[in-house]
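Contents: one structure, followed by commentary.
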Amino acid sequence: GAANVNVNLDAVYTWTATQYVTVANHADLQDIFAGGGTISMWVKPNSDTADYNRLIDKDLWKFRWINVGSGKAGLEFIREWSGGNGTWQTAAVVPEDSWSHVAITYNDDAASNDPIFYLNGTVVAINSDSNSSGTASATTTTLAIGAKFDGSSGSQNNFKGNIADVRIYSSILSAANIQVLASKINVNTSLGAGTSDLVMYIPIAGTSIDITDNSANSNNGTAVGSPATVYDSYSVDVYDNSTTTDGSFT
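In structure tokens form, the structure reads like this:
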């Protein structure tokens, strides 16, 4: 038989109009896509979500919402090149008001390369593709989670909702490893071939809020705008004890 079980997540931040997390510039974050890189994060956008709200941004590259409508949001990735912007989009596929895992892999060694978008471990089709030309420069600006960071002028295009388990890898993770990351928020840092390439891992969600870098590096986060701490919950259907209450599967 089946039973519906409420599962309590640990503490998470809530982003509204002015909250975000910054990570200071560091050499290993300046061009994570050189030779191939991966961004992975869990998100729960709310009904105030709008086009161009940022998931994560480092000036010359940005991962943000697009095509928002009917309770869903699309994914957009932009990489600036000397010949203009490379821009890729998906249809509105990420639901509002529920947790989803999103990821992107990309190699900026060639302007003709396309990223791969993932939603909950499954590849999402690109429905708008605009490649560029020239060279892709490294960026020394501050990294912002949940906002477009504009230095002394503050932030814009802030994320609305919750973000957790933000990871950056300096390699293109396999689809199988993406599926591991999509299996559970804050799944163990041991991740097969990708482990040694973990550049930054900020859990955010936890027994208490954790915005320190849990990788072997020191790319620690700083909260801006006093984001509120909430204790979110979700429910799952448990069939014959095949699903544990921590979200893992047996």
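With my numbering applied, the sequence shown corresponds to residues 33 to 282, in that order. Backbone N, C-alpha and C define an ideal beta-carbon position, used for all residues, glycine too. It should be emphasised that the depicted structure is a prediction, and the values quoted were computed from it without experimental measurement.
Check the DSSP bridge columns for Trp131 and list the partner residues they point to. Answer by DSSP bridge pairing: none, since Trp131 is not bridged.
Taking DSSP as the reference, what is the three-state secondary structure of Ile88? Ile88 falls in the strand class under three-state DSSP.
I need the boundaries of the beta strand (DSSP E) containing Leu213, first residue and last residue. Note, Leu213: premise wrong, no beta strand (DSSP E); alpha helix (DSSP H) at Ala207 to Leu213.
For the region 168-178 against the region 191-209, do three or more pairs of beta-carbon atoms, one drawn from each stretch, fall closer than 8 Å, so that the two count as touching? Touching, yes.
Look up Ser250 in the DSSP assignment and say whether it is helix, strand or coil. Residue state for Ser250 is assigned as coil, using DSSP reduced to three classes.
Is the beta carbon of Tyr138 closer than 8 Å to that of Gly69? Yes, the Cβ-Cβ distance between Gly69 and Tyr138 is below 8 Å.
How about the region 58-78 and the region 130-144: do they share at least three Cβ pairs that are nearer than 8 Å? Verdict: yes, contact present.
Does the beta-carbon distance from Asn189 to Tyr84 come in below 8 Å? Against a cut-off of 8 Å, the Cβ pair of Tyr84 and Asn189 comes out as a contact.
With DSSP run on the structure shown, which of helix, strand or coil describes Asn197? In the sequence as displayed, the identity of residue 197 is Asp instead of Asn. In this structure, Asp197 counts as strand in the three-state DSSP scheme.
I need the straight-line Cα distance from Ala255 to Thr54, nearest angstrom please. For Ala255 and Thr54, the distance between alpha carbons rounds to 7 Å.
Under the assumption that Gln62 contacts Thr171 (Cβ atoms under 8 Å), give the Cβ distance between them as a whole number of angstroms. Yes, Gln62 and Thr171 are in contact; Cβ-Cβ is about 6 Å, under 8 Å.
Could you tell me which of Asp140, Gln121, Leu92 and Ala124 sits nearest to Gly67, measuring between CA atoms? In this structure, Asp140 is the residue among Asp140, Gln121, Leu92 and Ala124 with its C-alpha nearest to the C-alpha of Gly67.
Within 10 Å of its beta-carbon, does Asn251 have 16 or more other beta-carbons around it, so buried, or fewer, so exposed? Flag for Asn251 reads buried.
With a Cβ-Cβ cutoff of 8 Å, do Trp97 and Glu112 count as a contact? Between Trp97 and Glu112, the CB-CB gap reaches or exceeds 8 Å.
How should Asp245 be labelled, buried or exposed, when 16 other C-beta atoms within 10 angstroms of its C-beta is the threshold for buried? Counting Cβ neighbours within 10 Å, Asp245 comes out buried, since at least 16 surround it.
From this set, Met232, Thr122, Ser114 and Tyr263, which residue's C-alpha is nearest Ala157's C-alpha? Its Cα nearest to that of Ala157, the residue Thr122 stands out among Met232, Thr122, Ser114 and Tyr263.
Identify every residue that forms a DSSP beta bridge with Asp77. The question names Asp, but residue 77 in the sequence shown is Pro. Per DSSP, the beta-bridge partners of Pro77 are Gly193.
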